[in-house]
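Have a look at the structure below before the remarks.
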Amino acid sequence: MSNVLTHVKQKCEVRFSRCTAIELILHPKEADLGGFTVRRLLPTTRLRKVGPWVFFDHMGPANFPAGQGINVRPHPHIGIATVTYLFEGEILHRDSLGSLQSIRPGDINLMVAGRGIVHSERERPETTQADHTLHGLQLWLALPEDQEETAPAFLHYPGSEIPAVEVNGVPVRVMMGSAYGATSPVRVFSDTLYVEALLQPGQSLQLPDAEERALYLADGALKAQDTELTAHSMAVLSDMPGVTVTATQESRLAIIGGGHLQKRFIEWNFVSSRKERIEQAKKDWVAGKFPTVPGDEHEYIPLPDK
Numbered sequence: 075m076s077n078v079l080t081h082v083k084q085k086c087e088v089r090f091s092r093c094t095a096i097e098l099i100l101h102p103k104e105a106d107l108g109g110f111t112v113r114r115l116l117p118t119t120r121l122r123k124v125g126p127w128v129f130f131d132h133m134g135p136a137n138f139p140a141g142q143g144i145n146v147r148p149h150p151h152i153g154i155a156t157v158t159y160l161f162e163g164e165i166l167h168r169d170s171l172g173s174l175q176s177i178r179p180g181d182i183n184l185m186v187a188g189r190g191i192v193h194s195e196r197e198r199p200e201t202t203q204a205d206h207t208l209h210g211l212q213l214w215l216a217l218p219e220d221q222e223e224t225a226p227a228f229l230h231y232p233g234s235e236i237p238a239v240e241v242n243g244v245p246v247r248v249m250m251g252s253a254y255g256a257t258s259p260v261r262v263f264s265d266t267l268y269v270e271a272l273l274q275p276g277q278s279l280q281l282p283d284a285e286e287r288a289l290y291l292a293d294g295a296l297k298a299q300d301t302e303l304t305a306h307s308m309a310v311l312s313d314m315p316g317v318t319v320t321a322t323q324e325s326r327l328a329i330i331g332g333g334h335l336q337k338r339f340i341e342w343n344f345v346s347s348r349k350e351r352i353e354q355a356k357k358d359w360v361a362g363k364f365p366t367v368p369g370d371e372h373e374y375i376p377l378p379d380k
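75 is the number of the first residue of the sequence shown in the working numbering; add one for each residue after it.
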């Protein structure tokens, strides 16, 4: 936790009073990528990570006319596992392991970068032939130090494999980790939590506990204890047990968290506990030492200038 968050906890302990449920509220930095809006919540100058989660993007909803769509050229990653989850639309994933997989709503796409992987994100011609919409989340999960250099891997979990439970009438999906008596089959590398819930106006949900956690309101409005949250805001929660949220509008929320993770350095698509490892990855990308993506070998994203 940041010094600010630690200070909040210390003040509560000194006063022997009950801490607030919400320690920090983040609002996204928005970027227009040519008709395609991305809202970035993590990392920010105020908070670098929540548990093992070091990156959180909300993409769309983007409405594309026929002939257009996302076209992310091959690019590299190290030290993380990327998690892609769609509310609407479809992405065609290719990577340097030879994986070729369409990601559809409800599926979880887990790409383990480890010591290095390259992938592209495009759309099938069948998708781009008609008007279409893309909407979803992309997250990065930092690997523990002893697994940062693990062999790259690709794991795809169809939506039918993700546990769905009902908690006091609220439909909940346990995407990663364990909550509400269910455990996801999605591979994790440390204590990790990722849950999705859909609330109707007036419904309440007690949030699962975790050492560090945050909730992101993808759509709608709700109250967490006495604090009102609006769409596209992320509330970083204290470790107070039994925190309950109540929807004031139809709401979709994501709950992320897990065990505390030591500091990570992030530059471009590279994440590591060591700065020198990132510098090596940059040199390797420029020198063409990363593997290519079968079926997508002719384009790539250059290393950005500082």
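All residues carry an ideal CB built from backbone N, CA and C; glycine is no exception.
With 16 other CB atoms within 10 Å as the buried threshold, where does Arg-113 fall?
-> Classification of Arg-113: buried, given that the 10 Å Cβ count is 16 or more.
How many angstroms separate the CA atom of Asp-370 from the CA atom of Asn-343?
-> For Asp-370 and Asn-343, the distance between alpha carbons rounds to 19 Å.
Inspect the CB distances between the segment 231 to 247 and the segment 287 to 300 and report whether three or more fall short of 8 Å.
-> Contact fails: fewer than three Cβ-Cβ distances are below 8 Å.
How would you write the range of the beta strand (DSSP E) that Pro-148 sits in, first residue to last?
-> Residues 146 to 151.
Assign Pro-199 to one of three DSSP states: helix, strand, or coil.
-> Here Pro-199 sits in helix by DSSP.
Looking at His-206 and Gly-141, is the spacing between their C-beta atoms short of 8 Å?
-> In this structure, His-206 does not lie closer than 8 Å to Gly-141 by Cβ.
What residues are listed by DSSP as bridge partners for Ala-305?
-> Answer is none; Ala-305 lacks a bridge partner.
Three or more beta-carbon pairs under 8 Å between the segment 350 to 368 and the segment 326 to 334, yes or no?
-> Not touching, per the Cβ criterion.
For Gly-233, the three-state DSSP class (helix, strand or coil) | Gly-233 carries a helical assignment under DSSP once its states are collapsed to helix, strand and coil.
For Pro-378, collect the residues of the same chain with a Cβ closer than 7 Å to its Cβ; drop the 5 residues on either side in sequence, then sort them by chain order.
-> When the five nearest sequence neighbours on each side are left out, the beta carbons in the same chain lying within less than 7 Å of the beta carbon of Pro-378 are those of Trp-342, in order along the chain.
Within the segment 326 to 353, ranges of the alpha helix (DSSP H) (whole runs, at least 4 residues) | For the segment 326 to 353, not a single whole alpha helix (DSSP H) run of length 4 or above is found.
Give the secondary structure of Ala-253 by DSSP, where H, G and I count as helix, E and B as strand, and everything else as coil.
-> Strand at Ala-253.
Whole angstroms is fine: what's the gap from His-209's alpha carbon to Met-133's?
-> Approximately 6 Å, taken between the alpha carbons.
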